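Residue numbers (full-length UniProt numbering): 1 to 289.
Each residue gets a CB set at the ideal place from its N, CA and C atoms; glycine is no exception.
Every value quoted in this text rests on a predicted model; they were computed, and no experiment measured them.
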């Protein structure tokens with residue numbers, strides 16, 4: 001990543017260091033992340049998740065099979081705009097957190113394991129700027145993953161399951177425009193939750209040279225948070241668990257929307273992003289490779 005350029009001025013030995021435009025640096029980071037084969041494979045698999053879910057629901061409904069998923073199939077059939085919301089609510093439990101953790105692991109720990117992070121840290125570039133560029137790459141690709149799932153979910157839902165609007169969980173019908181707005185709200189909310197976990201992963205990534213450790217620690221946090229939230233005697237700890245607000249996605253398909261859980265979840269995600277970013281920055285200030 002070329003952050004600065006140096007040149008001799010007026011034939012003298014005066015060295016002038018010029019800072020590369022931020023936009024160019026961000027584009028370079030984004031291109032680098034998107035060129036990784038594992039990133040492209042991961043995005044492709046995430047994009048297929050709503051397609052597979054839509055096909056499964058369509059087959060189950062057409063065959064008239066009864067089972068544990070019959071209620072969901074009955075709800076989504078003829079209500080295709082609900083499919084992207086349902087797919088994102090499932091993916092936010094594990095698939096999207098895994099994606100965010102892997103991207104954050106590559107951003108710092110991966111660079112360190114290949115020896116390139118040391119060169120970046122030795123260059124005359126602000127470490128806060130370096131961290132911000134890496135965080136931008138992680139945030140952009142995780143947002144791309146969420147948007148991709150929403151788009152493939154809408155296309156699959158409309159083509160296979162039908163419907164020109166959305167039937168909410170409250171029994172009311174929304175026109176296509178409002179249904180599209182509900183999907184957009186879901187994208188923003190889910191992206192915030194994934195960014196929160198990715199910020200924690202980025203903090204861990206700043207302390208290690210092994211990307212696998214970042215993924216294991218991050219997913220371990222998700223599993224432990226899920227276990228703790230399932231114990232009634234530990235309800236008092238729920239407000240600080242990173243997974244507490246993930247189920248609030250269900251509020252988006254109600255009419256009217258109950259905004260309180262969504263706002264709480266967004267604020268909790270913002271706190272995790274602030275804490276994770278602060279820890280990563282403090283480590284970057286003292287790290288030498």
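Residues near residue i in its chain [Cβ-Cβ closer than 6 Å; skip 5 each side]
i	result
residue 271	none
residue 29	133, 137
residue 167	79, 173
residue 104	138, 198, 201, 202, 205
residue 94	none
C-alpha distance - residue i paired with residue j, whole-angstrom precision
i	j	result
residue 181	residue 85	11 Å
residue 214	residue 199	11 Å
residue 249	residue 187	10 Å
residue 156	residue 286	49 Å
residue 151	residue 231	36 Å
residue 9	residue 21	Per-residue confidence for residue 9 stands at a pLDDT of 45, beneath the threshold of 50, marking its modelled position as unreliable; the derived number appears in the next sentence. Cα to Cα, the separation comes out at about 20 Å.
residue 143	residue 279	22 Å
residue 31	residue 247	33 Å
residue 54	residue 46	14 Å
residue 89	residue 126	38 Å
Nonlocal neighbours in the same chain, by C-beta distance under 7 Å from residue i, ignoring five residues either side
i	result
residue 170	254, 255
residue 108	117, 134, 202, 205, 206
Simplified DSSP assignment, three categories, for residue i
i	result
residue 245	coil
residue 268	helix
residue 156	helix
residue 287	coil
residue 273	helix
residue 23	helix
residue 312	In the structure displayed, the chain extends from 1 to 289; residue 312 sits before or after that span and is not available.
residue 207	coil
residue 31	helix
residue 220	helix
Counterpart residues of residue i in DSSP-defined beta bridges
i	result
residue 174	166
Residue i: CB within 7 Å of a non-hydrogen atom of the ligand NAD
i	result
residue 37	With respect to the ligand NAD, the structure offers nothing, as it holds no ligand at all.
Any chain D beta carbon closer than 8 Å to residue i
i	result
residue 150	Within the model displayed, chain D is absent; a lone protein chain is all it includes.
Could you tell me whether the segment 35-53 touches the segment 86-98, where touching means 3 or more Cβ pairs closer than 8 Å?
Output reads yes: the segment 86-98 touches the segment 35-53.
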